[in-house]
Amino acid sequence: MAQVTAPDETIELYRRHLSTGRAALSRLLGDIVETASNGVWVTAAGGRRFLDFGGYGVFILGHRHPRVIEAVHRQLDLHPLATRVFAEPVTARAAEALAAVTPPGLDYVHFVNSGTEATETAIKLARAHGRTALVSARSGFHGKTIGALSVTANPLYQQPFAPLLTETTHVGYGDAAELRAALAERPGRACVVLEPVQGEGGVVVPPRGYLRAVADACAEYGALLVVDEIQTGLGRLGSWWGVEDEGVVPDMLLTGKGLSGGVVPVAAMVARADVYEPFGRDPFLHSSTFGGSPLACAAALATIQVLQEEDLVHRAAKIGARLLAEVRRTCERHAPGRVTEVRGRGLLIGLEFATQADVGELVLDLLARGVLVNHSLNASRVLRLTPPAVLEESDLAFFHEAFDSALRAVVSRA
Ligand SMILES: Cc1ncc(COP(=O)(O)O)c(C=O)c1O
């Protein structure tokens, strides 16, 4: 069969077989069709290259990190999918490695294929403990399957699929008192699902002490605490996990995105032994055919090793601090009033604009200069930067030059 690489043909196939909306978006973005990637760069048909500061937080190791590629190739040649009848060593090693880097006491791992499945796993496990009342934060993002969508408090995504899970309450993010009040009304019945920094919500960093206050309230009212680190974890915030700062150990922690090494989709729910017990006792209570495949676990294991051996968590903190300061300076210089705030932690940085239109324009202007960035799904006025931790000085220089001139171009047009 002929390989399809011509941009027009690809977009036409999108229009006919995938999504007319995606096809229209591709047209708007200039008919770019991505075909290859390496490190921090993505290559499009025709040879144009883009520095990837987007990827929705997946590419903490960049694209096709050689160590992950090697591990995945090896596994592909050996045993990519298990029978699921026998035990299998790569999955066991990946679980050991993940438990070793998660907060103390989180020892049991349930691997899945996507972030939303990790959220579903946590919701089901909480229900197995009688915690059926879900409490999450407005503008939070936890995935789009029905259970996860019930805690993803954005009416835009929820309303077309209502009714969702009942007994779901949404509170203001960062407001520990409101959360405490919600738990007080549901003693012994609640499960709290929260991000340590809201990613899709527009890079919202909560006030200091918030997570600690949440954990204390959960303990007081017998609620289970699920911390969703799918976007924030594995170094993205310049620490292994966002909960670390305040010494919080949740009952369950969710990870995904970066765990893939940017190569094979994989996510996980990691829990304390006593919380995990219903799944531990009966491995068929919650299972999936492809979850925890040797191929995905080879990627996850290699990813954790690379993060450790290349000191990338520390590197994310260092590069992130510099990037944030420089982006802030550029915005203050060229767009005071147009960019209302630049905020973030590590390599999760948000630029809040006064209008949504400016975000769209800047995305296009950056693309024209060879830089790929994302908007935020739950905050249309926030442009997000989620670059890899393997960035080199020359990549940073490329970004700053493109960003400076793209921002000036956007501001000059209004
Ligand atoms: C914090 C958070 N949780 C869950 C998800 C859902 O992950 P997935 O898209 O892999 O289902 C996302 C995706 O953006 C996320 O940012």
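Each residue of the sequence shown is one higher than the last, beginning at 14 in our numbering.
Cβ coordinates follow ideal geometry from the N, Cα and C atoms, glycine included.
In this text the structure is predicted, and so the values were computed from the model without any measurement.
Is residue i buried or exposed, if buried means 16 or more other CB atoms sit within 10 Å of its CB?
{"i": "T134", "result": "buried"}
{"i": "L169", "result": "exposed"}
{"i": "T368", "result": "exposed"}
{"i": "P219", "result": "buried"}
{"i": "G52", "result": "buried"}
{"i": "A166", "result": "buried"}
{"i": "T33", "result": "exposed"}
{"i": "T302", "result": "exposed"}
{"i": "D324", "result": "exposed"}
{"i": "Q88", "result": "buried"}
{"i": "P200", "result": "exposed"}
{"i": "G260", "result": "exposed"}
{"i": "S152", "result": "buried"}
{"i": "T179", "result": "exposed"}
{"i": "L26", "result": "exposed"}
{"i": "F292", "result": "buried"}
{"i": "H123", "result": "buried"}
{"i": "R40", "result": "exposed"}
{"i": "V307", "result": "It is worth fixing the name first, because residue 307 is Pro in this sequence and not Val. Its Cβ being crowded by 16 or more others within 10 Å, P307 is buried."}
Ligand 1 heavy atoms versus the CB of residue i: any closer than 7 Å?
{"i": "I159", "result": "no"}
{"i": "E208", "result": "yes"}
{"i": "G212", "result": "yes"}
{"i": "F154", "result": "yes"}
{"i": "A313", "result": "no"}
{"i": "Q244", "result": "yes"}
{"i": "S149", "result": "no"}
{"i": "S425", "result": "no"}
{"i": "T129", "result": "yes"}
{"i": "T132", "result": "yes"}
{"i": "Y69", "result": "yes"}
{"i": "G269", "result": "yes"}
{"i": "A280", "result": "yes"}
{"i": "D324", "result": "no"}
{"i": "D241", "result": "yes"}
So, using beta-carbon positions, are residue i and residue j closer together than 8 Å?
{"i": "N387", "j": "F154", "result": "no"}
{"i": "L379", "j": "A415", "result": "yes"}
{"i": "E365", "j": "V352", "result": "yes"}
{"i": "A280", "j": "G75", "result": "no"}
{"i": "V283", "j": "L266", "result": "yes"}
{"i": "V3", "j": "L237", "result": "It is not possible to answer for residue 3, since the shown part of the chain is limited to 14 through 427."}
{"i": "G248", "j": "V125", "result": "no"}
{"i": "G269", "j": "G255", "result": "no"}
{"i": "T399", "j": "G70", "result": "yes"}
{"i": "F66", "j": "F412", "result": "yes"}
{"i": "A224", "j": "G359", "result": "A small fix is needed here, since residue 224 is Leu in this sequence, not Ala. No, the pair does not count as a contact, with Cβ atoms beyond the cut-off."}
{"i": "G68", "j": "V216", "result": "no"}
{"i": "W54", "j": "L64", "result": "yes"}
{"i": "L336", "j": "L396", "result": "no"}
{"i": "C204", "j": "A139", "result": "yes"}
{"i": "V46", "j": "P20", "result": "yes"}
{"i": "G118", "j": "V355", "result": "no"}
{"i": "A84", "j": "A402", "result": "no"}
{"i": "A194", "j": "Y234", "result": "no"}
Would you list the one or two residues that DSSP bridges to residue i?
{"i": "L385", "result": "D65"}
{"i": "P173", "result": "P173 is not bridged to any residue."}
{"i": "G56", "result": "Correcting the residue identity first, residue 56 is Thr in this sequence and not Gly. A49 and R62."}
{"i": "S393", "result": "Per DSSP, none; premise fails for S393."}
{"i": "A281", "result": "F124 and T268"}
{"i": "V239", "result": "V206 and M265"}
{"i": "V355", "result": "L364"}
{"i": "P349", "result": "V352"}
{"i": "R80", "result": "Bridge partners of R80: none, in fact."}
{"i": "A141", "result": "DSSP lists no partner for A141."}
{"i": "H183", "result": "S149"}
{"i": "A166", "result": "R151"}
{"i": "Q369", "result": "For Q369, which the question treats as bridged, DSSP gives no partner whatsoever."}
{"i": "Q211", "result": "V217"}
{"i": "L119", "result": "R285"}
{"i": "L398", "result": "I362"}
Checklist entry - Would you call the region 235–243 and the region 175–189 touching, i.e. three or more CB-CB distances under 8 Å? => result no
Checklist entry - Is it a yes or a no for the region 138–150 touching the region 363–380, going by three-plus beta-carbon pairs under 8 Å? => result no
Next on the checklist: Below 8 Å, how does it come out for the region 272–283 and the region 313–320: are there three or more Cβ pairs, yes or no?
Outcome noted: yes
Checklist entry - Are three or more beta carbon pairs between the region 193–210 and the region 91–104 nearer than 8 Å? => result Flag = no, the region 193–210 and the region 91–104 do not touch.
Checklist entry - Should the region 177–186 be regarded as contacting the region 415–426, the criterion being three or more beta carbon pairs within less than 8 Å? => result no
Next on the checklist: Could you check whether the region 287–302 touches the region 48–62, counting it as contact only if at least three pairs of C-beta atoms, one from each stretch, sit closer than 8 Å?
Outcome noted: no
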